[in-house]
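Notes follow once the structure below has been shown.
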Amino acid sequence: MSAMKAKHQRLVLILLALVALVGAGLLAAYALRNQASYFYLPEQIRDNPPAVGQAIRLGGMVETGSLKTQPDGVTINFVVTGRDRSRVPVRFAGIAPDLFVEGSGVVAEGRLGPEGTFVADNLLAKHDENYMPRELEGMSEDQARTMAEDTTVGLK
Amino acid sequence: MHGFANPKRFLALASWLTPLFLGGGLVLTTGALAWGLFMVPPDRLMGETVRILFLHVPTAWLGMGGWSAIAISSLVFLVWRHPLAAIAARAAALPGLVFTIICLATGSIWGRPTWGTWWVWDGRLTSMLVLAFLYLAYIALAQAAEREGVSPRIPAIFGLLGAINIPIINRSVVWWNSLHQPPSITMGKSAIDAAFLIPLMAAVLGFSLIFGGVVLARMRALLADIQAEARLRRRAMEAA
């Protein structure tokens with residue numbers, strides 16, 4: 001066997017091994033698509049409700065106009081929305097992160113209460129992929145909606 | 001391409017490319033970081049904390065770029081048996097590890113004020129931590145191969161296998177719900193305003209030059225080590 005041929009044989013073998021490896025990786029990633037996700041979306045909770053009291057994470061957008069502070073000053077109520085109008089009401093008592101605002105992403109850690117309200121022990125703010133100076137903040141409603149939709153690309 | 005596999009020709013080229021990359025990279029990186037720290041406006045939501053972007057993103061890309069360099073060099077070494085390719089892979093491992101650690105540290109520091117947590121086990125953060133461990137394993141394996149006389153093909157095969165983690169890191173925020181945001185910069189599209197994007201690209205270029213300069217310098221040092229060892233061995237043979 002000539003040296004040239006051995007070289008090509010090695011190249012073909014390694015490329016075949018790499019194709020198999022990438023295939024295995026993709027299959028594993030596909031199989032893990034539910035287990036490897038960091039949180040459930042509101043529609044997943046609606047379609048497959050978790051057991052009451054089971055510790056889970058809920059992620060989605062904080063519905064604009066839904067955020068209300070209770071008279072005790074530390075308890076807040078808001079609604080997390082997902083795709084196709086799914087909504088989960090959330091109650092949280094404690095200090096929310098600075099970036100937690102209406103119309104932005106949130107991940108709540110806690111459990112579903114018997115009356116359907118999600119009781120959160122901890123809130124994490126989910127930042128979107130947009131970076132812009134404050135001067136550009138006055139966006140139109142349309143732009144804001146597009147942005148909110150873009151932001152949930154990662155939530156699919 | 002084959003011409004540069006000759007160590008002599010490589011050393012002649014590297015001797016003037018190394019200071020050029022390191023010097024140019026240091027000037028560009030210093031300028032880009034100063035721009036990012038003092039001249040860029042605060043972000044609409046994150047405020048002043050956005051400035052860590054100029055350290056976090058270039059180091060993240062180069063952490064992944066370092067392993068891509070290891071994988072490509074390993075492939076060249078396994079198929080064409082160029083010894084210089086094995087040296088290039090070994091030289092890229094340490095700067096790759098350092099950049100990955102800087103990326104993890106800056107991400108953690110950034111996560112506290114923005115997300116409200118130092119660390120979460122979501123797809124992106126976990127796969128990036130796995131990359132740091134892969135680097136540690138690769139460095140240990142390459143050193144063992146050097147010292148114990150194990151075939152250099154073993155770290156090369158590991159370098160190729162570990163490359164599977166790179167697309168996983170890249171796609172982790174798209175495949176799985178994660179706390180980390182989806183990519184801002186995709187094919188020909190950017191969700192980053194030009195006020196941030198231009199200094200960011202300058203920082204990416206500057207850090208890349210530093211990375212290239214460090215790899216070249218380490219390759220020269222590794223080649224010098226091999227030469228010195230060969231010379232010692234020859235002298236010992238003559239004395240015997």
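Chains A and B, in that order, are what the protein sequence lines are.
With the UniProt record's numbering, letter number 41 in the first sequence gets 41, and the count goes up by one each step, no holes.
With the UniProt record's numbering, letter number 83 in the second sequence gets 83, and the count goes up by one each step, no holes.
All residues carry an ideal CB built from backbone N, CA and C; glycine is no exception.
Predicted model only: the values in this text are computed from it and were never measured.
Give the DSSP bridge partners of Arg57/A, in chain order.
Glu109/A
Less than 8 angstroms between the CB atoms is what I'm expecting for Gln181/B and Asp84/A, so what's the real figure, rounded?
Not really, about 23 angstroms apart at Cβ, beyond 8 angstroms.
What does Ser37/A touch in chain B if you count any residue whose Cβ is under 9 angstroms from its own?
Asp122, Gly123, Trp175, Trp176, Asn177, Ser178
With distances taken between CB atoms, is the gap from Gly63/B to Phe99/B smaller than 8 angstroms?
Pairing Gly63/B with Phe99/B gives a Cβ-Cβ distance under 8 angstroms.
With H, G and I counted as helix, E and B as strand and the rest as coil, what does DSSP make of Arg90/B?
helix
Taking C-alpha atoms, which residue in Leu13/A, Glu63/A, Val52/A, Asp98/A lies nearest to Arg44/B?
Asp98/A
How about Pro42/A and Gly73/A: are their beta carbons less than 8 angstroms apart?
Taking 8 angstroms as the cut-off, the beta carbon of Pro42/A is found no closer than this to the beta carbon of Gly73/A.
Would you list, in chain order, the members of the segment 82 to 116 of chain B that have their beta-carbon closer than 8 angstroms to a beta-carbon of chain A?
Those would be Pro113, Thr114, Trp115, Gly116, in chain order.
In three-state terms, what does DSSP make of Asp98/A?
coil
Roughly how many angstroms lie between the CA atoms of Pro95/B and Arg218/B, to the nearest whole one?
10 angstroms
Under the three-state reduction of DSSP, which class applies to Leu155/A: helix, strand or coil?
Below a pLDDT of 50, predicted positions are generally treated as unreliable, and Leu155/A, at 46, falls in that range; the measurement from the model is reported next regardless. Looking at Leu155/A - three-state DSSP - the assignment turns out to be helix.
Pull up the distance between the alpha-carbon of Arg220/B and that of Asn6/B, whole angstroms please.
13 angstroms
Find the residues of chain A that neighbour Leu75/B, judging by a C-beta separation of less than 7 angstroms, and give them in chain order.
Within chain A, the residues near Leu75/B are Ile14.
Going by beta-carbon coordinates alone, are Leu209/B and Phe10/B separated by less than 8 angstroms?
no
Using a Cβ-Cβ distance under 8 angstroms, would Ser184/B count as near chain A?
Taking Cβ atoms only, chain A reaches closer than 8 angstroms to Ser184/B, which makes this a yes.
So who's on the other strand from Gly47/B, going by DSSP bridges?
Asp43/B
Determine, using beta carbons only, whether Ile166/B and Arg124/B come nearer to each other than 8 angstroms.
no
Compare the C-alpha of Lys68/A against each of Leu123/A, Arg10/A, Glu102/A, Gly110/A and name the closest.
Glu102/A
Using 8 angstroms for Cβ pairs, my map puts Glu63/A next to Arg91/A. What's the rounded Cβ distance?
About 14 angstroms; that fails the 8 angstroms criterion.
Can you name, in chain order, every residue of its own chain whose Cβ lies under 7 angstroms from the Cβ of Gly154/A, other than the five neighbours on each side?
Low local confidence applies: a pLDDT of 46 at Gly154/A is under 50, so the model's placement there is unreliable, and no value is given.
Name the DSSP bridge partner or partners of Asn122/A?
Glu109/A
Taking the C-alpha atoms as reference points, what is the distance between Ala240/B and Leu223/B?
26 angstroms
Comparing C-alpha positions only, which one of Phe78/A, Val22/A, Phe118/A, Pro114/A sits nearest to Phe100/A?
Phe78/A
Do you know how far the Cα of Leu232/B is from the Cα of Ala20/A?
44 angstroms
Can you tell which of Leu104/B, Leu78/B, Leu134/B, Ile87/B has its C-alpha closest to the C-alpha of residue 262/B?
For residue 262/B there is no data in the structure shown, the boundaries of chain B being 1 and 240.
Determine, using beta carbons only, whether Trp80/B comes closer than 8 angstroms to chain A.
yes
At a CB-CB cut-off below 8 angstroms, which residues of chain A make contact with Ile52/B?
Chain A residues near Ile52/B: none, gap ~12 angstroms exceeds 8 angstroms.
Is the segment 76 to 96 of chain B in contact with the segment 6 to 15 of chain A, if contact means three or more CB pairs nearer than 8 angstroms?
yes
Just reading off the alpha helix (DSSP H) that Pro89/A is part of, what are its end residues?
Pro89/A: not part of any alpha helix (DSSP H); member of the beta strand (DSSP E) spanning 87 to 93, first to last residue.
Using a cut-off of 9 angstroms between C-beta atoms, extract the partners of Asp193/B located in chain A.
Asn130, Tyr131, Met132, Pro133, Leu136
State yes or no: is the C-beta of Val27/B within less than 8 angstroms of the C-beta of Phe196/B?
no
Here's the rule I'm using: 16 or more other beta-carbon atoms within 10 Å means buried, otherwise exposed. How should Arg57/A be labelled?
buried
Report the rounded CA-to-CA distance for Thr59/B versus Val52/A, giving the unit in angstroms.
43 angstroms
Whose CA, out of Leu97/B, Ile198/B, Arg234/B, lies closest to the CA of Met132/A?
Closest by alpha carbon: Ile198/B.
Between which two residues does the alpha helix (DSSP H) containing Thr30/B stretch?
Unbroken alpha helix (DSSP H) run through Thr30/B: 7 to 34.
Mind checking which residues open and close the alpha helix (DSSP H) that includes Asn170/B?
165 to 175
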